Every structure is written in C-alpha cells, then in structure tokens.
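Remarks on the structure that follows.
Chains as they are written, first to last, in the working numbering: chain A, 4 to 263; chain B, 145 to 451.
Written as structure tokens, this is what we have:
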C-alpha cells in the first residue's frame with residue numbers, strides 16, 4: 004500500500020468537547036496515516052478516552068469535524084460508524100460473558116449475513132459461520148476454548164477474544180482503548196504480539212499507558228495533555244521532548260521504562 | 145432426545161389435565177403463562193424491564209371483547225384483532241421507551257400504561273368500572289362451539305403452544321442471538337455495528353403482541369374484560385410470576401404463572417384470603433433474596449451440580 008503524507012485514514016479538525024464548563028478535549032487536530040500503528044498517550048485525565056468516544060460518536064463533540072477516508076462522519080451515529088469499518092474496543096474487556104466464546108465471534112460475523120432481524124428462522128442458519136469463527140479464534144490462540152462460556156476465560160484471553168471479535172468485521176481502522184491494561188507481564192507481551200500481527204493491512208489507533216508496548220509497536224505517537232495535543236512524532240522524538248518528560252512521565256520514569 | 149421425550153410427556157399431561165382439573169382454571173394458568181413468557185422475552189432475553197405490560201394484556205382483552213359483543217366476528221378473528229392492536233400499541237410505546245435505559249425505561253413504560261389505564265376508565269367502549277361483561281365465546285372458525293369449558297381449554301392450549309413456539313423460535317434465531325448480545329453488553333453490540341434500539345424495539349413489539357394475545361384469549365375464557373387487566377398491579381404480578389419461575393429461562397415463566405395463579409385461587413377461597421397480598425409479597429421477598437434465579441433456574445443449577 005502506497006503511503007503518502009496526505010493519505011490520512013482518519014483526521015479530526017478542531018475537535019473539542021466540553022462538559023459543563025470543563026474542556027475535556029481542546030481543539031485537537033489528529034491525523035492518523037493509513038497503515039500505521041498510532042498511539043495516543045498522556046497522563047490520567049488527559050482526555051484520551053474522551054477522544055476515542057468522540058471518534059466513535061459514543062459522545063457527541065461540542066465542535067469540530069471528524070473525517071474518515073475524507074468523508075465527514077461527524078453526524079453519524081455509533082453503529083453507522085462501525086459499519087463503515089471503524090471498530091473500537093473498550094477499557095474494560097468488551098465481551099458477551101454468558102455467550103460461548105464461539106458465539107462471541109459469531110455475533111460479529113453475523114452482521115454481514117443480513118439476517119440479524121430474522122426472528123422467525125432457526126439459529127441453525129448461523130452454523131455455517133462456525134468454520135470462519137474457529138479460524139479467527141485460532142488466530143488469537145483460543146480455538147480450544149470455542150465452546151467454553153466466555154465468563155470463565157482469564158482476563159488476558161478475554162482481551163484476545165475481543166480482538167478476534169473485532170477482526171471478524173475486517174475493520175479498516177481498529178481503535179484499541181488500553182488493550183494491555185490490568186494485565187500481567189506474559190499477557191502484555193502476548194497481546195502486544197497479537198496487535199503487531201493483526202496490524203498487517205490495517206490501521207490501528209490505540210490508547211496505551213505501557214510505554215514498553217508503545218515503544219515496541221507504535222509508528223507514531225501523539226501526546227495529549229489537558230485535552231490538547233502536546234507533541235507528536237515517533238518514539239525517539241517524543242521521549243526526547245523535555246515537555247513530555249516533565250509533564251507526563253517524569254524524567255526518571257522514562258529512562259526506566261525505556262531500559263525495561 | 146431426552147428433551148424431546150420431556151416435551152412429549154408435558155404435552156401428554158397438558159392434553160389429559162382437564163379430565164382431572166377444572167378446565168377454566170387450567171385455561172387461566174395458560175393465559176397467564178403466555179403473558180409471563182412474553183414478558184420474559186423482554187426481561188430475560190433483551191434485558192428490558194417493562195413496568196407497564198398490563199396495558200397490552202388489557203388492550204387485547206378489550207378489543208377482542210368489544211368485537212365479540214358488537215361485531216359477530218368469529219373468535220379467532222377477534223383474537224387476531226386484539227393481538228394486532230396490542231402489537232401496534234407496543235410499536236408506539238416501544239419506540240418511545242427504548243430511547244431510555246434501566247429505571248427510566250421502566251418509568252416510561254409505567255407512565256404510558258397509566259395514561260392508557262385512565263383512558264380506558266373513561267372511554268365508553270370499555271364499560272368503565274363495570275368492564276365488558278357477558279362476552280360470548282362464539283364458534284371457532286364458525287364450527288367449533290367454545291361454550292363447553294373443555295373445548296375452550298383445548299382452544300387455549302393451541303394458542304398457548306403457538307405463542308410459546310414463537311417465543312422459543314425468537315430466542316433461538318439470528319435475531320435472538322443479537323438480542324442476547326445486547327443484553328450482555330450493549331455498547332459492545334453498538335460498536336460492532338448493530339443499531340441496538342431497533343432490536344429492542346422489535347423485541348418489544350413481539351412481547352406486546354403476545355401479551356395482547358394472552359389478554360384476548362383470557363377475555364374469551366372468562367367472558368369478561370375488566371380494568372383489573374390494565375391496572376399496574378397486573379404489571380407487577382407478571383414480574384412476580386417471571387421472577388418466581390426463573391427469569392431468562394424458557395420454561396420458568398410457565399412454572400411461575402402456575403404457582404402464582406394456583407396460590408391466588410387456593411388462598412382467595414380459603415380463610416387466608418384477606419392475607420393474599422401479604423403472602424404474595426412475602427414470597428416475592430424470599431424469592432428475590434434467596435433464590436434469584438427462580439424455581440427453574442435453581443432446579444437447573446441443582447441438576448448441573450449433581451448429575
């Protein structure tokens with residue numbers, strides 16, 4: 004895929020969001036290049052998740068525009084944005100706990116079948132999606148859990164399942180909200196490798212706290228502070244920026260995290 | 145194979161029951177069971193707690209009753225008309241209610257149902273406080289005279305089975321799969337590209353129409369349509385039946401309706417009649433506090449753990 008400077012899959016223009024006098028997101032012009040893994044970092048309360056909620060319209064912006072593939076999507080509702088190929092994950096793992104692991108993936112596959120409003124046909128028509136679902140589960144190493152109840156999975160596996168479900172929709176753009184939050188070391192590496200693997204042929208925008216993961220994965224980093232963009236660039240540029248060191252991480256933390 | 149056998153046994157029992165038990169009582173149980181199953185479709189499988197479902201039961205009853213008295217239509221047409229009326233009312237109320245979530249959804253449904261209650265209290269065609277009395281049962285398809293209680297029971301059984309089958313099919317359909325996903329995690333369902341309100345709305349309409357079907361049938365059984373069926377007490381009662389039987393299980397509401405209706409019939413005739421509401425309230429409290437999954441839910445758990 005040819006990548007030019009202007010080939011932005013997603014951009015925002017003067018995106019702002021205020022909550023009763025408090026400005027959570029302040030004039031953000033974010034440009035995500037096609038094919039990148041783009042990380043959004045910043046201290047707690049910097050507005051990262053709010054930006055995510057604005058991009059997917061789970062919150063309406065106060066002002067500004069959102070463009071996806073140069074199409075203005077500012078006025079669309081969340082489900083319509085998802086149908087365009089922008090699929091998000093959530094900070095807490097977003098699975099359907101009382102459905103089986105297989106059914107979780109099938110719920111996503113089912114959308115393109117266009118039979119989801121059919122309440123008069125048997126669910127057996129969905130069985131033809133099982134092979135595809137198993138294949139997707141295999142790609143995240145969950146095929147042996149296909150018939151388990153989802154609530155019984157470990158936290159790391161739930162996140163892997165979430166990624167498999169998202170992949171089922173073949174999204175052009177994946178938005179991952181803190182995919183490694185609350186995980187142990189082994190799980191973090193597992194999920195980081197998985198993200199790297201699925202980033203082929205698609206664009207990923209992720210909010211991430213773990214700088215080790217960011218340094219390993221991200222092509223570009225945007226640092227948010229108090230709702231506004233502080234700086235942008237690759238990991239070396241961003242971590243060398245004195246403002247970032249001071250405002251976000253504290254000088255020592257950066258060195259520790261980099262060496263870790 | 146075993147579940148198929150169980151269904152056959154239950155069906156056999158249902159067919160033989162009126163030989164032993166008073167058929168009008170059995171028909172009443174089936175009407176309430178259908179009502180509770182329809183309600184459970186919404187609460188148990190779509191995760192929506194409606195506090196105004198009596199309005200659909202009552203509307204079905206009034207429409208069918210009025211048509212039977214005034215139009216000379218056959219009972220199955222009058223029942224279909226009542227069901228359609230309930231479905232249409234459900235489409236309007238559902239459209240308004242699904243815009244809200246949780247307790248607000250419950251409040252919207254309650255408010256709308258109360259509105260209609262007072263309308264029915266004043267409107268001439270409902271007979272106000274008196275209700276519609278002496279509704280003729282008529283001849284089904286113009287052939288089968290329903291005046292005989294036993295015949296009436298089998299007619300109700302057929303309607304119940306059709307309604308129950310539709311609920312079962314809805315739960316186990318591609319639509320049902322999405323409905324359950326929405327119950328489990330609504331924002332995730334949205335983020336996968338599903339318009340969740342559309343799914344909730346359709347579930348609401350199906351539930352409302354089947355509640356009206358129950359009401360229409362009940363009117364024929366008792367030859368009476370009254371304000372009791374539209375009162376908010378009735379909306380509470382169906383919640384009680386569903387919870388006692390087991391919310392989110394297919395068969396639970398049927399068991400719950402059986403238990404509640406039996407208790408009402410047994411107690412109101414005896415010396416404990418004055419304490420009926422206290423006893424029902426106590427049952428409700430015990431149920432919510434100690435076995436939240438209801439009789440059937442608890443039984444399923446017991447079976448899983450021991451066999």
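Think of the CB as a built atom: it goes at the ideal place given N, C-alpha and C, for glycine as much as any other residue. As the structure is a prediction and not an experimental result, all values here were calculated from the model.
Worksheet item: Does the beta carbon of residue 110(A) come closer than 7 Å to any beta carbon on chain B?
Response: Counted from its first residue, the first chain places residue 110(A) at position 107. Taking Cβ atoms only, chain B reaches closer than 7 Å to residue 110(A), which makes this a yes.
Item to complete: Please check the pair residue 198(B) and residue 379(B), which I expect to be a contact at CB under 8 Å, by giving their CB distance rounded to whole angstroms.
Response: Residue 198(B) sits at position 54 when you count from the first residue of the second chain. Residue 379(B) sits at position 235 when you count from the first residue of the second chain. Residue 198(B) to residue 379(B), Cβ: 4 Å. Contact.
Discussion item. Can you look up residue 258(A) in the DSSP assignment and give me helix, strand or coil?
Written reply: Position 255 of the first chain, counted from the first residue, corresponds to residue 258(A). Note on residue 258(A): pLDDT 46, under 50, position unreliable in the model; the coordinate value appears next. Helix, per DSSP.
Fill in: residue 176(A) versus residue 390(B): straight-line alpha-carbon distance, rounded
If you number the first chain from 1, residue 176(A) lands on position 173. If you number the second chain from 1, residue 390(B) lands on position 246. Taking the straight line joining both Cα atoms gives about 42 Å.
Worksheet item: Roughly how many angstroms lie between the CA atoms of residue 93(A) and residue 315(B), to the nearest whole one?
Response: Position 90 of the first chain, counted from the start, is the residue given in the question as residue 93(A). Position 171 of the second chain, counted from the start, is the residue given in the question as residue 315(B). Going from the Cα of residue 93(A) to the Cα of residue 315(B) covers about 27 Å.
Item to complete: Report all residues from its chain with a CB closer than 6 Å to the CB of residue 191(B); omit the five preceding and five following residues, and keep chain order.
Response: Along the second chain, read from residue 1 onward, the residue named residue 191(B) stands at position 47. Counting only Cβ-Cβ distances below 6 Å, and skipping sequence neighbours, we find 327.
Discussion item. Report the start-end ranges of each alpha helix (DSSP H) in the stretch 326-358 of chain B that is 4 residues or longer and not cut off at the edges.
Written reply: 330-335
Worksheet item: Is residue 89(B) helix, strand or coil by DSSP?
Response: No information on residue 89(B) is available, as it lies outside the stretch 145 to 451 that chain B covers here.
Fill in: Contacting residues, own chain, Cβ-Cβ under 6 Å from residue 226(B) (five flanking each side not counted)
Translated into the one-based positions of the second chain, residue 226(B) becomes position 82. Closer than 6 Å at Cβ, skipping near neighbours: 204, 207, 208, 356 and 360.
Practice prompt. On a CA-only basis, which of 428(B), 392(B) and 418(B) is nearest residue 403(B)? Give me that one, please.
Written response: To locate residue 403(B), count along the second chain from 1; it is residue 259. Considering only alpha carbons, the answer is 428(B).
Worksheet item: Since residue 74(A) meets chain B, which of its residues come closer than 9 Å, beta carbon to beta carbon?
Response: In the first chain, counting from the first residue as 1, residue 74(A) sits at position 71. Chain B residues near residue 74(A): none, gap ~16 Å exceeds 9 Å.
Practice prompt. Establish whether the CB of residue 434(B) and some CB of chain A are separated by less than 7 Å.
Written response: As a first step, residue 434(B) must be located in the second chain, where it is residue number 290. No, no contact with chain A.
Worksheet entry | Three-way DSSP call (helix, strand, coil) for residue 236(A) in this model | On the first chain, residue 236(A) is found 233 positions in, with the first residue counted as 1. Looking at residue 236(A) - three-state DSSP - the assignment turns out to be strand.
Practice prompt. Counting only the same chain and skipping the five closest in sequence on each side, list residues whose C-beta sits under 8 Å from that of residue 10(A).
Written response: Mapped onto the first chain, residue 10(A) falls at position 7. 36 and 37.
Worksheet item: How would you call residue 189(A), buried or exposed, if buried means at least 16 neighbouring beta carbons within 10 angstroms?
Response: Translated into positions along the first chain, residue 189(A) becomes position 186. When all chains shown are included, residue 189(A) counts as exposed.
Worksheet item: Exposed or buried, residue 255(A), counting other C-beta atoms within 10 Å across all chains shown (16 or more means buried)?
Response: Walking along the first chain from the start, residue 255(A) turns up at place 252. In this prediction, residue 255(A) scores a pLDDT of 47, lower than 50, which makes its location untrustworthy; no coordinate-derived value is stated.
Discussion item. Once the 5 residues before and after residue 241(A) are set aside, which same chain residues still bring their CB inside 7 Å of it?
Written reply: What you label residue 241(A) is simply residue 238 of the first chain in a count that begins at 1. Excluding positions up to five away in sequence, the list reads 224, 226, 234 and 247.
Discussion item. Would you call the stretch 9-24 of chain A in contact with the stretch 53-71 of chain A, where contact means no fewer than 3 C-beta pairs closer than 8 Å?
Written reply: yes
Worksheet entry | Residues that DSSP places opposite residue 91(A) in a beta bridge | Locating residue 91(A) in the first chain gives position 88, counting from the first residue. In DSSP, residue 91(A) forms a bridge with 178(A).
Discussion item. Considering just the uninterrupted stretch of the beta strand (DSSP E) at residue 228(A), what are its terminal residues?
Written reply: Locating residue 228(A) in the first chain gives position 225, counting from the first residue. It spans 223-228 - the beta strand (DSSP E) in which residue 228(A) sits, taken as one unbroken run.
Discussion item. List, in chain order, every chain B residue whose beta-carbon is nearer than 8 Å to that of residue 113(A).
Written reply: Position 110 of the first chain, counted from the start, is the residue given in the question as residue 113(A). Simply 318, 321 and 322.
Fill in: Bridge partners - residue 143(A), DSSP secondary structure assignment
Position 140 of the first chain holds residue 143(A). According to DSSP, which records beta bridges pairwise, residue 143(A) is partnered with nothing at all.
Worksheet item: Mapping DSSP to helix, strand and coil, what is residue 34(A)?
Response: Mapped onto the first chain, residue 34(A) falls at position 31. Looking at residue 34(A) - three-state DSSP - the assignment turns out to be strand.
Fill in: Classification of residue 245(A) by the beta-carbon crowding that lies within 10 angstroms, buried from 16 upward
For the purposes of this step, residue 245(A) is identified with residue 242 of the first chain, where counting begins at 1. Label assigned to residue 245(A): exposed.
Fill in: residue 210(A), enclosing beta strand (DSSP E) - first and last residue
Indexing the first chain from 1 puts residue 210(A) at position 207. Note, residue 210(A): beta strand (DSSP E), 206-210.
Worksheet item: Of the choices 196(A), 90(A), 110(A) and 100(A), whose alpha-carbon is the least far from that of residue 55(A)?
Response: The residue you call residue 55(A) lines up with position 52 of the first chain. Of the candidates 196(A), 90(A), 110(A) and 100(A), the one whose C-alpha sits nearest the C-alpha of residue 55(A) is 90(A).
Worksheet item: Can you list the residues of chain B that residue 182(A) reaches, using a CB-CB cut of under 8 Å?
Response: Looking up residue 182(A) in the first chain gives position 179. Here the premise fails: no neighbours, minimum Cβ distance about 14 Å.
Fill in: Spatial distance of residue 168(A) from residue 437(B) (CA atoms)
Taking the first chain and counting its residues from 1, the one referred to as residue 168(A) is at position 165. Taking the second chain and counting its residues from 1, the one referred to as residue 437(B) is at position 293. Going by the C-alpha atoms only, they are around 29 Å apart.
Practice prompt. In the DSSP assignment, find the alpha helix (DSSP H) that holds residue 15(A) and state where it starts and stops.
Written response: Counting from 1 along the first chain, the entry for residue 15(A) is found at position 12. That residue, residue 15(A), is in no alpha helix (DSSP H); its beta strand (DSSP E) goes 11-22.
Discussion item. Counting C-beta neighbours from all protein chains within 10 Å, is the total for residue 448(B) 16 or more, i.e. buried, or is it exposed?
Written reply: Reading the second chain from its first residue, position 304 is the one you call residue 448(B). It is exposed - the Cβ of residue 448(B) has fewer than 16 other Cβ atoms within 10 Å.
Worksheet item: What three-state label does DSSP hand residue 29(A) in the structure shown?
Response: Taking the first chain and counting its residues from 1, one reaches residue 29(A) at position 26. Reduced to three states, the DSSP call for residue 29(A) is strand.
Discussion item. When you compare the stretch 328-343 of chain B with the stretch 70-89 of chain A, are there three or more beta-carbon pairs, one atom per stretch, that lie closer than 8 Å?
Written reply: yes
Worksheet item: When burial is assigned at 16 or more other CB atoms within 10 Å of the CB, is residue 130(A) buried or exposed?
Response: Here residue 130(A) refers to the residue found at position 127 when the first chain is read from its first residue. Residue 130(A) comes out exposed.
Practice prompt. Determine the extent of the beta strand (DSSP E) in which residue 68(A) is found, giving its start and end residues.
Written response: Within the first chain, residue 68(A) is the residue found at index 65, counting from 1. Its beta strand (DSSP E) spans residues 66-71.
Worksheet item: Just to confirm, are residue 250(B) and residue 193(B) a CB contact at a threshold of 7 Å?
Response: In the second chain, counting from the first residue as 1, residue 250(B) sits at position 106. In the second chain, counting from the first residue as 1, residue 193(B) sits at position 49. It is a contact, given that the beta carbons lie within the stated cut-off.
Item to complete: Under 8 Å by Cβ, that's how I've got residue 28(A) and residue 53(A) pegged, so tell me the actual separation to the nearest angstrom.
Response: As a working note, residue 28(A) is residue 25 in the first chain. As a working note, residue 53(A) is residue 50 in the first chain. Confirmed, Cβ separation roughly 5 Å.
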